[in-house]
Amino acid sequence: MLTTKGFAAIAAKEKLQPFSFERRDVGPQDILITISHCGICHSDIHQARDEWGISLFPMVPGHEIVGTVSQVGAAVTAFKIGDRAGVGCFVDSCRTCGACREGLEQYCNGGTVWTYSGQDKEGRITQGGYSTQIVVDQNYVLRIPDSLSLPGAAPLLCAGITTYSPLRQWGVGRYHKLAVVGLGGLGHMAVKIARALGTEVTVFSTSESKRADAKRLGAANFAVSSDPQTFTKLQGHFHYVLDTVSAPHDYNTYLNLLKTDGTMILVGAPETPTPVQAFSLIFKRRRLAGSLIGGIKETQEMLDFCAQHQIESDVEVIPIQQVNEAYERVLRGDVRYRFVIDMASLKH
Numbered sequence: 032m033l034t035t036k037g038f039a040a041i042a043a044k045e046k047l048q049p050f051s052f053e054r055r056d057v058g059p060q061d062i063l064i065t066i067s068h069c070g071i072c073h074s075d076i077h078q079a080r081d082e083w084g085i086s087l088f089p090m091v092p093g094h095e096i097v098g099t100v101s102q103v104g105a106a107v108t109a110f111k112i113g114d115r116a117g118v119g120c121f122v123d124s125c126r127t128c129g130a131c132r133e134g135l136e137q138y139c140n141g142g143t144v145w146t147y148s149g150q151d152k153e154g155r156i157t158q159g160g161y162s163t164q165i166v167v168d169q170n171y172v173l174r175i176p177d178s179l180s181l182p183g184a185a186p187l188l189c190a191g192i193t194t195y196s197p198l199r200q201w202g203v204g205r206y207h208k209l210a211v212v213g214l215g216g217l218g219h220m221a222v223k224i225a226r227a228l229g230t231e232v233t234v235f236s237t238s239e240s241k242r243a244d245a246k247r248l249g250a251a252n253f254a255v256s257s258d259p260q261t262f263t264k265l266q267g268h269f270h271y272v273l274d275t276v277s278a279p280h281d282y283n284t285y286l287n288l289l290k291t292d293g294t295m296i297l298v299g300a301p302e303t304p305t306p307v308q309a310f311s312l313i314f315k316r317r318r319l320a321g322s323l324i325g326g327i328k329e330t331q332e333m334l335d336f337c338a339q340h341q342i343e344s345d346v347e348v349i350p351i352q353q354v355n356e357a358y359e360r361v362l363r364g365d366v367r368y369r370f371v372i373d374m375a376s377l378k379h
């Protein structure tokens with residue numbers, strides 16, 4: 032077993048603290064990655080505080096993991112020592128169900144093994160990327176293109192693929208009008224990727240102060256969602272709405288922004304249920320859909336797309352000793368647009 036340093040939530044709602052734990056030894060198909068950086072996702076906070084009621088403790092969060100391959104198993108062919116590598120939201124799946132065979136491992140019928148707060152096939156609790164190293168089967172490791180910086184690439188493993196996958200799935204592209212709800216970690220990636228796809232993007236935010244950033248990131252338009260006139264003016268205007276917000280809010284107001292046959296896609300996950308009025312869907316034959324990250328093949332496609340279009344996440348790099356402060360700042364919306372932990376700080 033490999034002794035590993037990390038930061039963990041020992042129980043729900045407790046502050047994260049230094050934590051030592053064991054990783055499995057490197058098997059024939061495994062890769063050992065020395066972690067250089069790990070992004071902080073809003074779902075890390077939900078999980079560490081058990082707001083979804085599914086958390087397992089003690090918990091080392093983190094599923095936006097990048098670093099360098101430091102050891103490979105005897106049967107590994109996809110990577111070599113020194114390669115830049117990444118790990119996203121899951122580290123295994125059943126590999127045999129229809130979803131897995133289609134490259135949709137995130138929807139595995141036999142049970143996706145999440146990077147942290149999950150259970151591996153031996154029943155061990157998985158631990159994430161707020162740590163110095165991780166052991167992962169080569170089939171669940173991503174290659175980080177050389178043109179991407181490691182801090183800027185880390186959030187692509189969740190925020191990037193979470194927004195890229197639905198844009199691709201629903202064919203969002205040139206000649207479409209897209210509303211992106213929320214300009215945070217997910218929303219700012221949605222703007223960048225949609226703009227690269229040739230889409231006309233309008234950002235909806237409660238904060239007027241984000242107008243300049245929305246334009247800088249590639250949005251054609253900006254709308255203040257706290258102004259009721261916004262929803263009257265833009266009713267029936269959009270082909271798609273991509274909702275990235277994880278705080279409770281009214282879905283119906285955004286459904287009414289859609290044209291006939293328009294689609295609203297949820298990628299944010301509020302902790303409480305949200306009522307949906309039937310008439311918001313019926314009168315314009317609108318659709319309300321959801322999307323969860325992406326499979327390994329699509330995630331690699333996304334990384335290569337981002338490299339091609341010079342897209343990275345806007346990040347604020349912090350030492351791990353500031354992780355609890357960073358959680359509070361995320362909840363206040365005080366980050367533009369993703370915290371990334373420098374794991375070199377964990378070695379001190």
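So the sequence shown is numbered by the working numbering: it starts at 32 and just counts up by one.
Ideal Cβ placement from N, Cα and C applies to all residues, glycine included.
Under a 10 Å Cβ-count criterion, Y206 is classified as exposed, with fewer than 16 other Cβ atoms of the shown protein chains found around its own Cβ. Contact check between the stretch 141-159 and the stretch 325-344: fewer than three CB pairs, one atom from each, fall below 8 Å, which does not count as touching. Contact annotation, V371 with C69: C-beta distance approximately 7 Å; criterion of less than 8 Å satisfied. The beta carbon of S124 sits closer than 6 Å to the beta carbons of C131, E136, C139, T143 from its chain, once the five residues preceding and following it are set aside; these are given in chain order. Under the three-state reduction of DSSP output, K111 falls in the coil class, being neither helix nor strand. Under the DSSP definition of a beta bridge, G37 partners with F50, S162. In the DSSP assignment, F310 falls outside any beta strand (DSSP E) and within the unbroken alpha helix (DSSP H) covering 309-313. Judged by beta-carbon spacing, L187 lies beyond the 8 Å limit of S67, meaning their Cβ atoms are not closer than that value. V212 and S51 have their alpha carbons spaced roughly 39 Å apart. Annotation for G37: F50, V91, Y161, S162 place their beta carbon closer than 6 Å to its own, counting only its chain and skipping 5 residues before and after. When Q260, L87, C189, A184 are compared, the shortest CA-CA separation from Y147 is found for L87. Restricting attention to M295, T330, I324, the CA atom closest to the CA of I175 is found in T330.
Under the 8 Å Cβ criterion, the stretch 307-317 counts as touching the stretch 281-290, having at least three qualifying pairs. By a beta-carbon distance limit of 8 Å, R80 contacts A43. Their separation comes to about 6 Å.
Residue nearest to S238 within the set L209, L214, A210 is L214 (criterion: CA-CA distance). Here the C-alpha atom of A254 lies approximately 42 Å from the C-alpha atom of P89. When only Cα atoms are considered, T34 and E53 end up about 5 Å apart.
In the displayed model, V255 falls within a strand according to three-state DSSP.
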